[in-house]
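Read through the structure below, which is laid out as C-alpha cells, and then see the notes.
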Amino acid sequence: MIIPLDETRRALLADERRLLGQLRDWLVRLEAPEEQRQALADSLVQLEEPFLLVVVGEFNAGKSAFINALLGQAALKEGVTPTTARIGLLRYGETVGREVTAAGLESLTAPSEILRQLVIVDTPGTNAVLREHEALTRDFVPRADLVLFVTSSDRPFTESERAFLETVRAWGKKVIIVLNKADLLEASEDVGRVVTYVREQAQRTLGFAPDVFPVSARQALRARLEGDAPAVEESGLPAFEARVTATLDEAERFRLKLLNPLGVGRRVHGELAGLVEGRLELLGEDLRSLEAVDADLEARASDLEGDFKLRLSDVEKVLLDFERRGNAFFDERLRLMRIHELLSKERLRKDFETAVVADLPREVEKRVEAMVDWMVGAELRQWQDVMDRLGGRQGAHTDKMVGRVDDRFEYDRQRLLEAVRSEAQRAVDGYDAPAEAKRLAQSVRDSVAQTALLQVSAVGVGTLVTALATTTAADVTGLVAAGALSVMGLFILPARRRRARAELATRVATLREKLLASLTAGFERERDRGQQKVRDAIAPYSRFVRSEGDRLREAQAALSGLRDGLATLGGRVETLEQT
Ligand SMILES: Nc1nc2c(ncn2[C@@H]2O[C@H](COP(=O)(O)OP(=O)(O)OP(=O)(O)O)[C@@H](O)[C@H]2O)c(=O)[nH]1
Ligand SMILES: [Mg+2]
C-alpha cells in the first residue's frame, strides 16, 4: 500500500495481521474447506495490494458501459447479450491493452486518471444462462475492497439481484449502488422514485442504506467523447465521481482496505465456529452412546452375576441330593440284618457307587454345559447391544456443518466407528458358538481340575466329579465296612452311622466348595474376558471421541477469544478518522 502509515494505522495493520494469522492457523488445524482458507489468505495478501473497486450486477445492466463512461473511452466490450466473460482487472497504463492472465481472468490497462488510485474490476453478469459467469463473479467478491453494484432502470433490484447482494453482505462488504440506464426513465420524478425504491430494498438486504446514484452510462460516454459538458453533467456520472473522489481518498481507501480482510475474517470465523460447534455436538452424542454402552456392560455384568448364582445353587442342589442319598444308604445298610452285606468292602463300594454316586457326574456335567451355553449367548447379546448403541452413529450428522468426508475429523471418526461396527458385526455373524462353547468348557474343566489337584486333562467336568465322588465312596464305605466293625461289636452301629454321615457331609462340603470355587473363577474370568473384548473394540473410538472433544473445546475457546479480538479491531477501524 502506498500510503504513509502513522502510529495508529501501523498498530491497526499489525493487529489485523496477527489476528487473521491466528484465524488462518485455526482454519488449517481444523481443516476448514479450501475456499475459506483461500479467501482469507487472498484477503491478507491484498492488504499489500492496490484498492479494488469491483463492479457487479446482472448481465446487461451496463457494468462495462459504466466503466467505459468512467474511463471516457470504450475500453470494454458492451452488448445486449451476456457479454463480459472474464473478470477484468483494469489498471493504469499509457495505452489501452488487454491480456488474459489466467482462466477467467483478464488484465487490462487504460490511460485514465482514476486508475492511478484504484483498480477497477469488471465482472461477468449474474443471472445469465451462463452459470459459470456468475460463479466467477461470486468467487471474486471476497477480494473487493468496495463493491459497486449496478442495477438497470428498466428492471431495478430484481429478486436475483437481492439474492446476490446477500452473498455480498455475507463477506461484510461496503457497497455503492449505481442505477444505470436512467435515460430510460421518462420523468425525473420517476428517477427519484426508483432511487428511493432501490435504496430501501438494498437496505433490507444489506442492513445499511447504501448510496444510490442514477446514471446514464451510454449518455455519459457519448457526451464525453463529443466534449458535450452539459450532457455529461446531465448523465449523472459527475455526481457519482464527485462523491467517490471525495470519500475515496487515501485515508478512506486504507480504512476500507483494512475492513475487507476483517469482513472476510468474520465470515470465515463464523463458519469455522459453526463447524466446531457441529463437531462438538456430534461428539457429545457419540459420548452419550459410549456411556450407554458402558452402562450396558455394567448392567449385563450384574445380571450375569445374578443368573450365575441361581445356576450355581442348582449345581449345589445336585450335590445335596447326593449327600441325601448317601445318608439314606447308610441308614439302610448299617443294620444288623444286613451285616453280611457289610462284610465285603468291595461290594459295599460298588453298591454305594450305583445307588448314591449314581447320576451325580452326569447331572453336574449337564448343568455346567448349560452354564457354558448361557455364557456364550450372553456374550453374543453383549455385542448386539454394542451394535444397537453404536450402529446408527455412523451416518449421524448434526444439522450444523460438520465437515466433508475427506477431512481428517470426519475420516477418522467414520473409520473408527466402522472398526467397532465390523468387530461387533463379526462377533454377531461369524460367532462360532460351538468353538466358543468348547473353549469355555475346557476353561471350566481346567479350573476344576486345578482346584481338585487332579492330574487329568481333556476330560469332562463329569469325569472329574466321578473321580472325586469315587474316592469319596471308597473312603466312606471303607469306614463302614464290617472288617473294621467286628472287633468293636455290633452295638456300635449307630455310632458308625453317625461317623459315616459326618464324613460324607465333610466330603460333600469339600467337593462343593472346590467345584463352586472353580466354576466361579471360570465364570468370572470368562465374563471379564468377554467384556474386555468389547471394551478393547471400542477403545480407539472412545479415545478419539474424548481427545477430539478436548481439542475442539480448546479450539472453541480460542475462536471465541478471536471473535472478540476481531470485533474490537473492527470497531477501531470503523472509527478511524477519515483524514
Ligand atoms: N439505454 C441505455 N443503454 C445502456 C446504458 N448502459 C449500457 N447500455 C446498454 O446495455 C447493454 C448492456 O451493456 P453492458 O455494458 O454490456 O452490460 P454488462 O452489465 O456489462 O453486461 P454483461 O457483460 O453481459 O454482464 C448494451 O447494449 C449497452 O449499450 C445506458 O445507460 N442506457
Ligand atoms: Mg460487461
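Heads up: the sequence shown is residues -8 to 570, going by our numbering. For each residue, glycine too, the CB sits at the ideal point set by N, CA and C.
So that I know if they touch, is there some Cβ in chain D lying closer than 8 Å to that of D240? Any reference to chain D falls outside this structure, which holds one protein chain only.
Beta carbon shell of ligand 1 at less than 6 Å from a heavy atom: G48, F50, N51, A52, G53, K54, S55, A56, E69, G70, V71, P73, T74, T75, P115, G116, N171, K172, D174, L175, S207, A208 and R209
Can you tell me whether D113 sits near ligand 2, meaning its C-beta is under 7 Å from at least one heavy atom of the ligand? yes
The segment 333 to 340 / the segment 354 to 368 touching (three or more Cβ pairs under 8 Å): no
Determine the burial state of R324: buried for a count of at least 16 other Cβ atoms within 10 Å of its Cβ, exposed for fewer. buried
With a threshold of 16 other CB atoms inside 10 Å of the CB of T501, please say whether the residue is buried or exposed. exposed
Ranges of the alpha helix (DSSP H) found wholly within the segment 3 to 66, counting only runs of at least 4: 25 to 37 and 54 to 62
Rounded to the nearest angstrom, what separates R279 and I167 at their Cα positions? 51 Å
Can you tell me whether F635 is helix, strand or coil according to DSSP? Not covered by the structure: residue 635. The range shown for the chain is -8 to 570.
Going by DSSP, name the residue or residues bridged to D113. V46 and G79
Rounded separation between S151 and R129 - CA only: 13 Å
Which of the three DSSP states is assigned to S143 in this structure? strand
In terms of residue numbering, what span does the beta strand (DSSP E) encompassing G88 cover? G88 to A93
Sequence-distant residues of its chain with Cβ nearer than 8 Å to E22 (five each side left out): G394, D398, R399 and F400
Check whether the segment -2 to 17 touches the segment 550 to 567, counting contact only when three or more Cβ pairs, one atom from each stretch, lie closer than 8 Å. yes
Assuming contact is defined by CB atoms lying nearer than 8 Å, are A101 and Q64 in contact in what I supplied? yes
Could you pull out every residue in the same chain whose Cβ sits closer than 6 Å to the Cβ of E354, ignoring the five residues on either side in sequence? V309
Would you check if there are 3 or more beta carbon pairs closer than 8 Å linking the segment 289 to 299 to the segment 365 to 380? yes
Taking all protein chains shown into account, decide if H331 is buried (16 or more other Cβ within 10 angstroms of its Cβ) or exposed. exposed
Among L67, S179, V267 and T345, which has the Cα closest to the Cα of E225? S179
Inter-residue Cα distance where the pair is S448 and L274: Bear in mind that a pLDDT of 49 at S448, under 50, signals an unreliable position, so the number given afterwards is only what the model happens to contain. Each residue's Cα considered, the two are about 50 Å apart.
Residue burial classification, K341 (beta-carbon count within 10 angstroms, cutoff 16): exposed
What number of angstroms, rounded off, separates the C-alpha of E25 from the C-alpha of G256? 14 Å
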